[in-house]
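What follows is one structure encoded as structure tokens, with my remarks underneath.
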Amino acid sequence: MHSTSLFTNPYAIEVLRTKREDKGAKGTDINAYNEMQYTPLLLACETGKAECAEVLIEKGANLGIKTPASDTALHLAVRAGAASINNLLLHKGMEANVTNQADETPLHIAALHSNGALVGPLVSAGAKINAVTKEFVTPLHTASQRGNADVAQQLLHHKANVNAKDKQAKSPLHFASERGDKTMVEIDAGADNAVVHTADRLPCPPFQPSHTRLLQAGCGR
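According to my numbering, numbering within the sequence shown proceeds without interruption in unit steps and concludes at 1383.
The structure is reproduced here in structure tokens:
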């Protein structure tokens, strides 16, 4: 059953699900686990097979099953950048703030993998823009640390807190500054430029050319 989740033809799933053995056995279990403890739907989401995911969901696949790392189908779809699966799962009522073992929401995953196009649908479905992990990391922290400017722009558009601090008392601005990433101009409006983390380093070290656009955005005044 699991190999069918990798097919581009969703009708293969329907054939296998309704297939019965000679002695009248029941159809294939649509929620069966493979040796990695993945169901067909989890595999379809992880590989971005939208048509397969749609058929599996229509035929009753359990949306609440998680991977051993507690990732849901929504986490996997977001990681794969599968917008259509993401939207379908949200339409079917999946919780936008569901977390994995690290307390990462799908919005954290979008920030991690630079999938900015998925931010809007997640927020519209109720995703908390300032959700925190066990380390108090917000999606904006993640986007800043990874240099994902498009995601940062989307998050700030939805009023992400640019001054949020993680367990090390670092703000997103600290991460952008430490990277020396000129593209992170989104880490700007409302930033508390006096904030320092536990190592007493300023968010924007002066006189570094790589920080020019951050300085133009008001950092270091």
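C-beta: ideal position from N, C-alpha, C; glycine also. Nothing here was measured: the structure is a model prediction, and the numbers come from that model.
For residue j and residue i, believed in contact at Cβ under 8 angstroms, the rounded distance
i	j	result
Asp1328	Val1299	5 angstroms
His1275	Gly1243	7 angstroms
Val1313	Ala1273	5 angstroms
Asn1262	Ala1231	6 angstroms
Ala1215	Leu1250	7 angstroms
Euclidean distance between Cα positions of residue i and residue j
i	j	result
Ile1271	Leu1252	15 angstroms
Asn1292	Gln1199	31 angstroms
His1237	Pro1268	5 angstroms
Glu1197	Leu1284	31 angstroms
Tyr1229	Pro1301	Strictly speaking, residue 1229 in this sequence is Thr, with Tyr absent from that position. One C-alpha to the other measures close to 22 angstroms.
Lys1254	Gln1330	38 angstroms
Lys1265	Thr1234	According to the sequence provided, residue 1265 is Asp. The question's Lys does not apply to it. So the alpha carbons of these two residues sit roughly 12 angstroms apart.
Lys1211	Arg1308	26 angstroms
Gln1316	Asn1193	35 angstroms
His1336	Asn1325	10 angstroms
Ala1239	Lys1332	29 angstroms
Asn1323	Ala1279	20 angstroms
Ala1305	Glu1340	13 angstroms
Ala1311	Pro1334	12 angstroms
Asp1191	Gly1342	51 angstroms
Glu1213	Leu1205	12 angstroms
Leu1203	His1303	30 angstroms
Asn1259	Lys1296	14 angstroms
Tyr1195	Glu1257	22 angstroms
Ile1219	Val1294	29 angstroms
Residue environment, residue i, which counts as buried when at least 16 other CB atoms sit within 10 Å
i	result
Lys1321	exposed
Ala1361	Here Ala1361 scores only 44 on pLDDT, less than 50, and its place in the model should not be relied on; the value that follows carries that caveat. Its Cβ having fewer than 16 others within 10 Å, Ala1361 is exposed.
His1319	exposed
Residue i CB to nearest heavy atom of the ligand ADP below 7 angstroms
i	result
His1319	This structure lacks the ligand ADP, and indeed carries no ligand of any kind.
Option nearest residue i by Cα separation, candidates the options
i	options	result
Ala1223	Thr1201, Asn1259, Arg1241	Thr1201
Ser1246	Thr1295, Cys1207, Ala1287	Cys1207
Asn1277	Val1294, Glu1257, Asn1248	Asn1248
Thr1209	Ile1219, Arg1241, Glu1220, Val1260	Arg1241
Taking only runs that begin and end inside the segment 1176-1258, name each unbroken alpha helix (DSSP H) of 4 or more residues, in chain order.
1202-1208, 1212-1220, 1235-1241, 1245-1253
Every unbroken alpha helix (DSSP H) within the segment 1261-1297, with a cutoff of 4 residues, ordered by chain
1268-1274, 1281-1286
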